[in-house]
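Going by my numbering, the first residue of the sequence shown is number 2, and it counts up by one from there.
Using N, Cα and C, we set each Cβ at its ideal position, and we do this for glycine too.
Heads up, the thing below is written out as structure tokens.
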Amino acid sequence: MKPNATGIQKKKMQGYVGFSNYPNQVHRRSVKRGFNFTLMVVGESGIGKSTLINTLFDSKIFPDREETPPSAEPIKGVDVTSMSADIQENGVKLRLTVVDTPGFGDSINNEDAWQPILENIESRFDAYLAQENRVNRSKISDNRIDAVIYFIKPTGHCLRAIDIEFMKRLHTKVNLIPIVAKADTLTARELELFKAKIMADINYHGIQIFKPVSDEFDDPETVSDNREILSKIPFAVIGSEKLVERPDGTMVRGRRYPWGIIEVENEEHNDFIKLRQMLLRSHMEELKDSTDMVLYENYRTQKLLSMGHVQDNNVFREFNPLVLLEEERRAHEAKMQKMEAEMTAVFQQKVQEKESKLKLSEEELYARHKEMKTVLEKQRAELDDKKKRAEASVRPITPMEQHPTKGKKKNIFSGF
Ligand code: GDP
């Protein structure tokens with residue numbers, strides 16, 4: 002069997018081994034433990050946050066306005082409050098925490114309205130990080146925000162400065178789900194144009210929003226579901242906790258108008274179904290994974306680096322024998338090359354030393370030769386000189402002197 006690009010061989014099994022039951026085991030264990038989900042809602046007062054949350058979870062997560070005691074003073078600035086509820090459906094428990102941000106967008110100057118919200122999100126990351134660093138980590142409570150539903154006012158125009166600023170400041174810290182609130186206040190055509198303008202603004206400002214993505218492991222049904230969800234972003238939703246009567250007499254959640262009713266759970270009327278599908282039915286785990294593995298991981302890295310921690314990649318490197326062998330081979334080659342270079346350098350140094358020694362002795366020989374030559378030339382000159390002088394001092398003997406009696410009559414008196 003040929004390995005694929007990743008080097009993994011795909012094998013078909015002959016019989017039943019049992020690990021295909023693993024998803025059921027995970028399911029059973031998770032059902033026993035229950036799930037946690039923390040959702041933040043951001044948008045100005047009266048935009049429909051509590052209505053939508055109560056509609057989404059079909060529960061009174063947010064108490065009725067009449068039940069909430071009127072606060073003595075209106076909230077100054079942005080507050081962050083949270084409420085939890087245990088909800089159960091078909092035996093599956095969900096601990097839902099909804100984090101509300103009353104006061105956001107309600108002031109005259111909303112320039113820094115994002116600040117307390119960002120601080121709250123980061124403080125939850127910090128709390129998780131502190132627990133992770135504890136010696137005993139068996140009971141880590143995870144209060145990190147898994148998603149933020151950002152309510153956009155149904156103006157029909159572009160995004161407002163407060164929307165852009167908020168999303169720009171928070172998109173790397175949370176899974177952003179922008180929605181058009183009170184979608185029933187715009188016509189279908191207005192909504193279509195408004196959604197296009199919102200997406201253009203989001204793209205223009207490089208804002209990352211949460212989007213379902215399909216991969217090669219997804220079945221065709223999931224791929225098509227994801228595509229449909231994606232086509233509805235930003236979801237235009239309506240919320241209502243009230244039941245209204247349809248013309249056929251059935252009761253549905255919706256809003257009544259003189260001209261008819263708008264149904265919450267009707268895909269032709271709004272995108273509530275798609276939002277609920279993504280948030281609760283198909284992508285809850287993906288939202289949690291993205292929070293844990295991407296957003297929190299990035300935050301944690303930045304935080305630890307800013308605190309002066311440095312990662313030794315050799316310690317955390319995955320062990321791969323092939324990579325290790327290759328590294329050892331490279332290290333050996335480098336060592337041999339270094340040795341060779343050192344030996345060449347020593348050899349060259351020795352040759353140079355020899356050469357300079359030879360040159361020195363050649364110069365010495367030459368100097369001696371020159372000296373001897375000078376001495377010899379001097380001696381020769383002296384000899385020549387002597388010779389000349391000797392020659393000059395020795396007058397040539399005349400024939401007479403050589404043979405004094407020759408040609409002359411012997412004088413018998415000579416010598417007297
Ligand atoms: P919050 O202050 O953001 O929590 O807003 P509420 O959920 O309390 O809603 C404020 C008002 O808007 C209430 O009277 C709701 O009935 C109404 N409302 C909520 N959702 C919608 C909606 O989708 N469409 C319309 N037309 N009104 C809504």
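Any non-hydrogen atom of the ligand GDP within 8 angstroms of residue i CB
i: Thr-52; result: yes
i: Arg-277; result: no
i: Thr-186; result: yes
i: Arg-257; result: no
i: Val-136; result: no
i: Ser-60; result: no
i: Phe-236; result: no
i: Ser-46; result: yes
i: Ser-241; result: yes
i: Ala-182; result: yes
i: Gly-49; result: yes
i: Phe-63; result: yes
i: Phe-152; result: yes
Proximal residues to residue i (C-beta, below 8 angstroms), its chain only, five neighbours per side dropped
i: Met-200; result: Ile-234, Pro-235
i: Ala-335; result: none
i: Leu-187; result: Pro-155, Gly-157, Val-181, Phe-195, Ala-237
i: Gln-209; result: His-172, Thr-173, Leu-177
i: Leu-244; result: Met-252, Val-253, Arg-254, Gly-255
i: Arg-138; result: Gln-132
Cβ-Cβ separation, residue j to residue i (assumed contact under 8 angstroms), whole Å
i: Tyr-151; j: Leu-177; result: 6 angstroms
i: Trp-115; j: Phe-195; result: Rounded, the Cβ-Cβ distance is 22 angstroms, inconsistent with contact.
i: Val-214; j: Val-175; result: Their Cβ separation, rounded to whole angstroms, is 17 angstroms, which puts Val-214 and Val-175 out of contact at 8 angstroms.
i: Ile-230; j: Met-279; result: 5 angstroms
i: Val-43; j: Ile-109; result: Their Cβ separation, rounded to whole angstroms, is 19 angstroms, which puts Val-43 and Ile-109 out of contact at 8 angstroms.
i: Lys-50; j: Asp-101; result: 7 angstroms
i: Gly-1; j: Thr-52; result: Only positions 2 to 417 of the chain appear in the structure, and residue 1 is not among them; the question remains open.
i: Thr-82; j: Pro-64; result: Thr-82 to Pro-64, Cβ: 12 angstroms. No contact.
i: Asp-226; j: Ser-283; result: 7 angstroms
i: Thr-173; j: Asn-267; result: Contact doesn't hold; Cβ gap of about 36 angstroms is too wide.
Sequence-distant residues of the same chain with beta carbon closer than 7 angstroms to residue i, five excluded per side
i: Gln-15; result: none
i: Asp-164; result: Ile-153
i: Asn-25; result: none
i: Ala-420; result: Past the edges of the chain, shown from 2 to 417, lies residue 420, and the structure says nothing about it.
i: Val-79; result: Thr-102, Gly-104, Phe-105, Ala-114, Pro-117, Ile-118
i: Met-337; result: none
i: Lys-13; result: none
i: Val-395; result: none
i: Ser-46; result: Pro-103, Asp-107
i: Phe-273; result: Val-238, Ile-239, Val-265, Glu-266
i: Asp-202; result: Cys-159, Leu-160, Ile-165
Run of the alpha helix (DSSP H) containing residue i, from where it starts to where it stops
i: Lys-50; result: 50-57
i: Arg-254; result: No alpha helix (DSSP H) contains Arg-254, which is instead part of the beta strand (DSSP E) from 252-258.
i: Lys-360; result: 322-394
i: Ile-163; result: 162-171
i: Tyr-23; result: 23-34
i: Ala-189; result: 189-205
i: Pro-213; result: Unbroken run through Pro-213: none, as it is neither H nor E.
i: Leu-177; result: Here Leu-177 belongs to no alpha helix (DSSP H); instead the beta strand (DSSP E) covers 177-181.
i: Phe-273; result: 273-277
i: Val-224; result: 221-233
i: Tyr-300; result: 298-307
i: Met-14; result: Here Met-14 belongs to no alpha helix (DSSP H), and DSSP marks it neither H nor E.
i: Leu-288; result: 285-290
Neighbourhood of residue i by C-beta distance below 6 angstroms, restricted to the same chain and skipping five residues each side
i: Lys-289; result: Asp-147
i: Arg-369; result: none
i: Lys-198; result: Cys-159
i: Phe-1; result: Outside the displayed range of the chain (2 to 417) lies residue 1, so it cannot be described from this structure.
Unbroken beta strand (DSSP E) run spanning residue i, endpoints
i: Glu-264; result: 261-264
i: Glu-120; result: Run containing Glu-120: none in the beta strand (DSSP E); it sits in the alpha helix (DSSP H), 115-133.
i: Arg-96; result: 93-101
i: Glu-246; result: 244-246
i: Glu-90; result: 82-90
i: Ile-150; result: 148-153
heavy atom of the ligand HEM below 8 angstroms from residue i C-beta
i: Leu-325; result: This structure does not include the ligand HEM; its bound ligands are the ligand GDP.
Query - Cβ pair count under 8 angstroms reaching 3, the stretch 118-135 against the stretch 250-265 - result: Contact between the stretch 118-135 and the stretch 250-265 is absent, with fewer than three C-beta pairs closer than 8 angstroms.
Requested in this report: Say whether the stretch 91-98 touches the stretch 19-36, bearing in mind that this needs 3 or more beta-carbon pairs closer than 8 angstroms, one atom from each stretch.
Outcome: yes
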